[in-house]
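In my numbering, the protein residues as written are 468 to 833.
What follows is one structure encoded as structure tokens, with my remarks underneath.
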Ligand code: IPM
Ligand code: MG
């Protein structure tokens with residue numbers, strides 16, 4: 468049975484970068500015996516435009532039935548005035564919640580070819596390779612109570628709840644430790660245990676998991692306050708290997724880490740569920756960058772994060788590691804050749820469009 472990939476291109480530059488992935492899939496299907504079926508659906512603002520909801524139930528069910536979901540990006544200023552539940556971002560949050568994608572893997576890798584694109588000194592970021600493991604279905608993003616309510620004449624109150632259970636903390640901690648085992652054997656857990664009870668519980672549960680599981684004894688665990696972690700990331704990012712943290716801190720720290728590499732347009736991400744009763748893991752892959760409405764439609768977006776997200780899907784969800792490795796190699800190789808989309812352009816390099824970049828990847832796969 469061919470595997471099925473659901474493509475949700477979304478808004479802004481989403482369709483342009485997704486179309487490069489489609490090009491690659493079609494080429495691999497025709498020329499390299501990749502047997503991958505794709506289904507395309509709407510999510511985000513484009514879905515709202517046609518159906519008045521950012522994610523229809525039908526698309527959600529298709530996501531649940533697919534072997535993996537590939538998402539471009541959602542959102543744009545056109546939708547900023549919409550009521551909360553209709554916003555494009557709700558598509559993303561609903562997919563995360565309903566598919567139970569609790570573990571979000573966000574690598575921050577500095578490609579040696581792009582070291583000078585970072586705002587930090589080359590020696591601070593060269594060969595940087597960090598993995599941020601962000602909890603994705605809990606914390607303040609989903610906690611109840613939430614809302615805006617009147618409290619007195621002309622006065623309103625906005626409420627969100629930051630809440631974590633032991634179980635939620637432990638399962639994401641395990642993901643971080645399992646990754647560290649295959650990497651550089653260091654886990655840093657970031658929280659605000661100095662001000663938040665939920666942060667205190669976070670720290671205690673991570674430590675307890677480590678103390679109680681012999682198989683991780685070769686891993687070095689440290690705890691760091693999240694604000695200090697933000698500071699350490701710009702001071703000396705190479706001290707980190709795997710960082711495990713909650714939903715909100717993970718949102719911020721992963722943007723910071725990504726930008727360190729000077730190549731936000733280069734970074735993929737994976738979101739994974741636990742195994743269900745049938746042993747199935749649900750997953751969604753998306754670039755770390757957003758929908759970049761300011762450059763949408765101009766053919767200048769960098770498709771590499773999207774292409775690398777597809778490679779991650781091949782590796783982590785579709786058991787097609789060889790194809791994934793080939794794509795990873797192709798990306799390195801086009802960078803080496805000096806091909807650059809405008810976001811990573813430097814003097815002496817060759818500026819290419821979104822589709823030229825996609826085609827260059829295919830040339831390398833030949
Ligand atoms: C991210 C984004 C999302 C988030 C937004 C678009 C809802 O910033 O994936 O990091 O806050 O999680
Ligand atoms: Mg974010």
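All residues carry an ideal CB built from backbone N, CA and C; glycine is no exception.
This structure is a prediction, so every number in the text was calculated from the model and none was measured.
For residue 823 and residue 729, the gap between their C-alpha atoms comes out near 21 angstroms. In chain order, the residues that have a beta carbon nearer than 7 angstroms to some heavy atom of the ligand MG are 718, 721 and 722. In the three-state DSSP reduction, residue 816 falls in the coil class, being neither helix nor strand. Linking residue 792 to residue 570 through their CA atoms gives a straight-line distance of about 23 angstroms. Here residue 628 is exposed, its C-beta having fewer than 16 other C-beta atoms within 10 Å.
The region 584 to 592 and the region 627 to 645 do not touch, with fewer than 3 CB-CB distances between them shorter than 8 angstroms. Assignment of residue 471 by DSSP, reduced to helix, strand and coil, places it in the strand class. Judged by the Cβ position, residue 556 qualifies as a neighbour of the ligand IPM at the 6 angstroms threshold, a heavy atom of the ligand being closer than this. For the pair residue 539 and residue 610, the CB atoms are not nearer than the 7 angstroms cut-off.
Per DSSP, residue 480 lies in no beta strand (DSSP E) and is assigned neither H nor E.
Around the CB of residue 535, 16 or more other CB atoms lie within 10 Å, so the residue is classed as buried. By alpha-carbon distance to residue 526, the top candidate from 756, 493 and 475 is 475. Ranked by how close their Cα comes to the Cα of residue 719, the residues 694, 613 and 740 have 694 in first place. Its Cα nearest to that of residue 469, the residue 504 stands out among 504, 499, 551 and 488. Between residue 673 and residue 656, the C-beta gap is smaller than 7 angstroms, which places the two residues in contact. A direct Cα-to-Cα measurement between residue 616 and residue 622 gives close to 9 angstroms. Our two residues, residue 472 and residue 530, have alpha carbons roughly 9 angstroms apart in a direct line. The DSSP assignment places 633 to 649 and 664 to 679 as complete runs of the alpha helix (DSSP H) inside the region 598 to 683, in order along the chain (cut-off: 4 residues).
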